[in-house]
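Here the sequence shown stands for residues -20 to -1, 1 to 504, numbered as in mature numbering (1 follows the signal peptide of the UniProt record, and there is no 0).
For every residue, glycine included, the Cβ atom is placed at its ideal position computed from N, Cα and C.
Small disclaimer: the values here were computed from a predicted structure and weren't measured.
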Amino acid sequence: MILHKLLLLLNLDWNPENTAQDLEFTAMPGYFKGYTVQDTPDSKINATAIDFLQFDDRFSNWQQLYQSIPNDTETHSYKLVILARHGQGYHNVAYDKYGEKAWYDYWSRLNGDQDGNWFDAELTPLGKKQALETGNTYLTNMTDGLQRLPDKFFVSPLRRCLDTCIREWEPIFAKHKPANSTVHVKVLEYMRETLGIDTSNERVVHSQALAEYQNHRYNTTQDLDFRALPGYFKGYTVQDTPDTKINATIFDFLALDDRFSNWQQMYQAIPNDTETHSYKLVILARHGQGYHNIGYDRYGEKAWYDYWARLDGDQYGNWFDSELTPLGKKQALEAGQTYLTNLTDGLQRLPDKFFVSPLRRCLDTCIREWEPIFAKHKPANSTVHVKVIEYLRETLGIDKSNERVDHSQALAEYQDHKYNTSDVTVHFDYPDDYAEKDQLWQPEHLETYPELDRRIKVGLREVFSSVNATDRVLSLTVHSDVIESILRNIKHPALVGLQTGKVIYTVVEITKKPADDQSILVVS
């Protein structure tokens, strides 16, 4: 991954009688794994192999670390510093393509090639995504832990850094409102990349950079919040709390609340939208059984994560981006014939919008579970569009069943599926810049619950910001861990043991801040 965060504690030593040029600074060990008290300035750390952002062993949280930073004196001051590398630029792609020698001998002297321009290189689609992801992970972790924003922001004048700065802080400013709606970022000319020869490090004229990045106003979609409303289904009654745990294997959590005798009564009881709140009936569908589910049951949790999950499969089947088993395909169809038929017959309407995880078992489940519905309730258009939400995929890392196949392969297998039972075609809508290779899955880090919940929250914001007031019923076909995280995010009681091919219904209230509350980022 191109974009990383490096946190340092700096000791600034100065002579008060001298100018700012006479400052001396030293990184202090013992705060992060990237610089322990056993290390020296000559130590070299493999940033791909060690979690250099992890706290030193003497700290268990950000507050402990922050409180241990020394107080300033007349001659010394202490700063917690975040060093952020920009997301992937077009020059990074070209360097990897041509190799170091050819790059510096020839290609770096040009403004670009047939695949892109790298003069004052801009971010690639992947680079833009990396910048947002670093905000959703590293910077969220820090600002949530400290319950504060940085006091000052600085940036290189090159375009890839200006853009990264804007994107990486977007999710933070949505959650932690700055004291002023205009955030000033100081541009430091001397903090730009190595000078000379390489045109990716030559900056565009100042007026162009201003036109492209100055006074960036953030989109309001990041400021959505959401909560489940009790009293519509047995899975969340008014007697329950978000801490309630419900055994999904024995309790009829899909039954209507006692105050309703039919679906129409329930639907009419959902509040009308206001200027600041909207309300959605949400279907959360777990995919049918995949080959990874069989492998997990066969080997057990410990052996699965210690060994089997790291393989592509065993002699019984392949679980790389796991497909549905024959039973899983049957479960998906049965979900449509029972749960989804019950809902659509009762409401006499289809969902207004469909969403799905990009993993194959969810794409296939989505196709199969809606087949009996579309045969009975004809959609307004013969092509049903299903929006793919990358951030609603299963827990990332280690487990090969959760690493997605190449985009072209998924398209070949599932795109524009036409049913035999109706004239409906299912078309999956991917982002325009959707990467061919999986950019999120990592072989050696299993996503933690807090990391998962932060990612799923971003996915939910993408879902709810892409619908309008007339889109009242939403369908999401996802995974067990994702559903558990969604329920945590919307403050819904946990449903323990939701089996493959099962669904959950819930009514969600979405809260949106007014547009004039949004932060503006100014580079100066």
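message: By the three-class DSSP mapping on this structure, what secondary structure does Y410 have?
response: coil
message: Could you tell me the alpha carbon to alpha carbon distance between E314 and P331, rounded to whole angstroms?
response: 18 Å
query: Going by beta carbon distance, what residues of the same chain come within less than 7 Å of N273, once the five residues before and after it are set aside?
result: T480
field: A101 versus K492: straight-line alpha-carbon distance, rounded
entry: 35 Å
query: In its own chain, which residues sit with a C-beta less than 7 Å from the C-beta of D232, not counting the 5 before and 5 after it?
result: The beta carbon of D232 lies closer than 7 Å to those of K214 in the same chain, with the five residues before and after it left out.
- prompt: Which residue from L142, K157, P105, L106 puts its Cα closest to that of L129?
  reply: K157
query: For Y296, which of helix, strand or coil comes out of DSSP?
result: coil
- request: Specify the secondary structure class of H472 as computed by DSSP and reduced to three states.
  value: coil
message: Whole angstroms are fine: how far does the CA of F408 sit from the CA of E393?
response: 12 Å
field: Neighbourhood of R207 by C-beta, 6 Å cutoff - its chain only, sequence neighbours within 5 removed
entry: Within the same chain, R207 has close Cβ partners I470, K471, E489.
query: Should V218 be labelled buried (16 or more other beta-carbon atoms within 10 Å of its own) or exposed?
result: V218 is classed as exposed because its beta carbon has fewer than 16 other beta carbons within 10 Å across all chains shown.
- request: May I have a chain-ordered list of the alpha helix (DSSP H) segments no shorter than 4 residues that lie completely inside the stretch 169 to 225?
  value: The alpha helix (DSSP H) runs of length 4 or more contained entirely in the stretch 169 to 225 are, from start to end of the chain, 186 to 193.
query: Mind checking whether Q66 and T144 have CB atoms under 8 Å apart?
result: The amino acid at residue 66 is misidentified as Gln; the sequence shows His. Taking 8 Å as the Cβ cut-off, H66 and T144 qualify as a contacting pair.
field: beta strand (DSSP E) segment containing S455, residue limits
entry: Where S455 is concerned, the enclosing beta strand (DSSP E) stretches over 453 to 458.
- request: Report buried or exposed for H186, applying the criterion of at least 16 other Cβ atoms within 10 angstroms of its Cβ.
  value: exposed
message: Per the DSSP calculation, N26 is bridged to which residue(s)?
response: The partner list for N26 (beta bridge, DSSP) is empty, contrary to what the question assumes.
query: Between the stretch 275 to 291 and the stretch 305 to 321, do at least 3 Cβ pairs fall closer than 8 Å?
result: no
query: Out of K13, R172, N160, A27, which has the shortest C-alpha to C-alpha gap to F35?
result: K13
message: Would T123 and I146 qualify as a contact pair, given that the criterion is a beta-carbon distance under 8 Å?
response: Result no, Cβ atoms of T123 and I146 do not sit closer than 8 Å.
task: Would you check if there are 3 or more beta carbon pairs closer than 8 Å linking the stretch 129 to 138 to the stretch 171 to 188?
output: yes
message: My assumption, with CB atoms under 8 Å, is that L323 sits in contact with W243. Please give the rounded CB distance.
response: 7 Å
message: On the CB-based measure, 16 or more other CB atoms within 10 Å of its CB, does V483 come out buried or exposed?
response: buried
query: Which partner residues of I263 appear in the DSSP bridge assignment?
result: S455, Y485
Candidates Y371, T405, A228, of which the one nearest W350 by Cα: T405
- prompt: Are the stretch 457 to 467 and the stretch 423 to 442 touching by the rule of at least three beta carbon pairs closer than 8 Å?
  reply: yes
field: Reduced DSSP secondary structure (H/G/I, E/B, other) of E349
entry: helix
- prompt: Quick one, are the C-beta atoms of L456 and L264 less than 8 Å apart?
  reply: yes
message: So, with DSSP's three-state summary, where would you put N400?
response: coil
message: Could you tell me the alpha carbon to alpha carbon distance between Q127 and N121, rounded to whole angstroms?
response: 10 Å
query: Taking C-alpha atoms, which residue in Q188, H196, R172 lies nearest to W149?
result: H196
message: Out of R38, P21, E4, which one is the CA nearest neighbour of S57?
response: With respect to the C-alpha of S57, the residue from R38, P21, E4 having the closest C-alpha is E4.
- request: State the start and end residues of the unbroken alpha helix (DSSP H) segment that holds K166.
  value: No alpha helix (DSSP H) holds K166; the beta strand (DSSP E) holding it covers 162 to 167.
- request: Please classify V487: is it buried, with 16 or more other beta-carbons within 10 angstroms of its beta-carbon, or exposed?
  value: buried
- request: Please state whether DSSP places L323 in a helix, a strand or coil.
  value: helix
message: Once the 5 residues before and after Y429 are set aside, which same chain residues still bring their CB inside 8 Å of it?
response: S465
field: Own chain partners of V453 with C-beta closer than 6 Å, once the 5 adjacent residues on each side are dropped
entry: L261, P331, D332
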